[in-house]
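**Student:**
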Amino acid sequence: MGYVTTIAPFFIVTILFFRAVTLEGAIDGISHFLGKPDFNKMFDRETWIAALIQICYTLEVGYGGILALSSYNHKHNNCYRSAWIVVIGNLLMGLMAGVTVFATLGYLSQQLHKPIHAVVSSGLPLVFVAYPEAMGKMPYPRIWGTLLFSMLLFFGLGSFAGYRNLYDDLSEMLGEPREDWIKFFGPHSIVWMISWRFITPLITVVRKSIVD
């Protein structure tokens with residue numbers, strides 16, 4: 257299951273990428289994404305701070321997730337090679353995903369007869385409003401919509417799988433079977449239900465008023 261939730265999103269992004277770059281107006285969206293580089297920004301401290309934040313976020317540097325997952329590797333695994341694969345893969349997928357999104361938004365701007373900056377947004381409005389709207393205007397919208405939300409589902413399942421590390425860590429530290437901790441922290445437990453009461457409002461229509 258782990259291989260499916262990890263690999264499937266990359267195949268879906270690749271399919272969406274080739275579809276997006278063939279749309280009318282894709283060049284406008286890609287040009288907006290890549291823009292005209294201002295190399296003077298290379299000497300701006302804020303540029304490097306923003307870049308470091310992005311790298312730490314995408315690679316989970318310092319978050320412990322990579323360390324936890326790497327503990328399942330073979331004892332003689334080539335960590336140096338794995339590190340290069342992760343970094344290069346992260347870079348390529350970031351560029352591919354960015355081109356895919358903005359090529360699609362370029363198509364949407366042409367369909368709506370609006371400038372590209374008028375349809376570009378970020379966060380949840382981009383994922384659940386602008387992007388699905390663009391797909392709704394493509395031929396065979398159900399296919400592309402299914403691929404998009406399947407990708408999001410796989411990402412969610414992949415993230416949820418990391419929850420198992422909590423059980424394993426508690427079992428190793430306290431010497432109790434993992435099954436006992438699943439009863440306390442797992443689905444249908446009290447902790448699980450209480451957590452959902454706090455999490456659910458953050459992903460609904462009231463999220464904006466709570467966060468802001």
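Position in the sequence shown (first residue = 1) + 256 = the numbering used here. Don't be surprised by glycine CBs; every beta carbon is placed ideally from N, CA and C. Quantities reported herein were computed from a predicted structural model and do not represent experimental measurements.
1. Flag this pair as touching only if the stretch 341 to 361 and the stretch 266 to 278 have three or more C-beta atom pairs under 8 Å; answer yes or no.
2. Work out the CA separation of S326 and R317 for me, nearest whole Å.
3. Report yes or no: do the stretch 354 to 368 and the stretch 280 to 296 share at least 3 C-beta pairs separated by less than 8 Å?
4. Indicate whether F410 and V260 have their beta-carbon atoms separated by less than 9 Å.
5. Using three-state DSSP, classify K393 as helix, strand or coil.
6. Assuming M394 contacts W400 (C-beta within less than 8 Å), just tell me the rounded distance between them.
7. State yes or no: is the C-beta of T262 within less than 9 Å of the C-beta of G414?
8. Confirm, please, whether the CB-CB distance from V342 to L308 is below 9 Å.
9. Could you check where the alpha helix (DSSP H) with T303 kicks off and where it finishes?
10. Where does L364 land, buried or exposed, given buried means 16+ other C-beta within 10 angstroms?
11. Below 8 Å on the Cβ atoms is my contact criterion, and I expect P388 with L403 to pass it. Report the Cβ-Cβ distance as a whole number of Å.
12. Can you grab the Cα-Cα spacing for the pair M349 / A264, in whole Å?
13. Apply the 10 Å Cβ neighbour rule to I344 and answer buried if 16 or more other Cβ atoms are within range, or exposed otherwise.
14. If you run the structure through DSSP and keep just helix, strand and coil, what is L279?
15. For I372, tell me which candidate among R337, E302 and F289 has the shortest Cα-Cα distance.
16. Please list, in chain order, all residues of the same chain as S338 whose beta carbon is under 8 Å from its beta carbon, the five residues on each side excluded.
17. Rounded to the nearest angstrom, what separates Y396 and C335 at their Cα positions?
**Tutor:** In terms of the structure at hand:
1. Here the stretch 341 to 361 lies against the stretch 266 to 278, with 3 or more beta-carbon pairs under 8 Å apart.
2. The displayed chain sequence assigns Val, not Arg, to residue 317. Approximately 13 Å, taken between the alpha carbons.
3. As far as the Cβ criterion goes, the stretch 354 to 368 touches the stretch 280 to 296, which means the pair count is three or higher.
4. Going by C-beta atoms, F410 is nearer than 9 Å to V260.
5. In the structure shown, K393 adopts coil according to DSSP, grouped into three states.
6. Correct: roughly 6 Å between the Cβ atoms.
7. In this structure, T262 places its C-beta atom within 9 Å of the C-beta atom of G414.
8. In this structure, V342 does not lie closer than 9 Å to L308 by Cβ.
9. Segment R301 to L315, the alpha helix (DSSP H) holding T303.
10. Per the 10 Å Cβ criterion, buried.
11. Not confirmed; about 11 Å, so no contact.
12. Taking the straight line joining both Cα atoms gives about 13 Å.
13. Label assigned to I344: exposed.
14. Secondary structure of L279 (DSSP, three-state): coil.
15. Per the Cα distances, F289.
16. Setting aside the 5 residues that flank it on each side, S338 is surrounded in the same chain by S326 and N329, each with a C-beta closer than 8 Å to its C-beta; the list follows chain order.
17. Straight-line Cα distance between these residues: approximately 43 Å.
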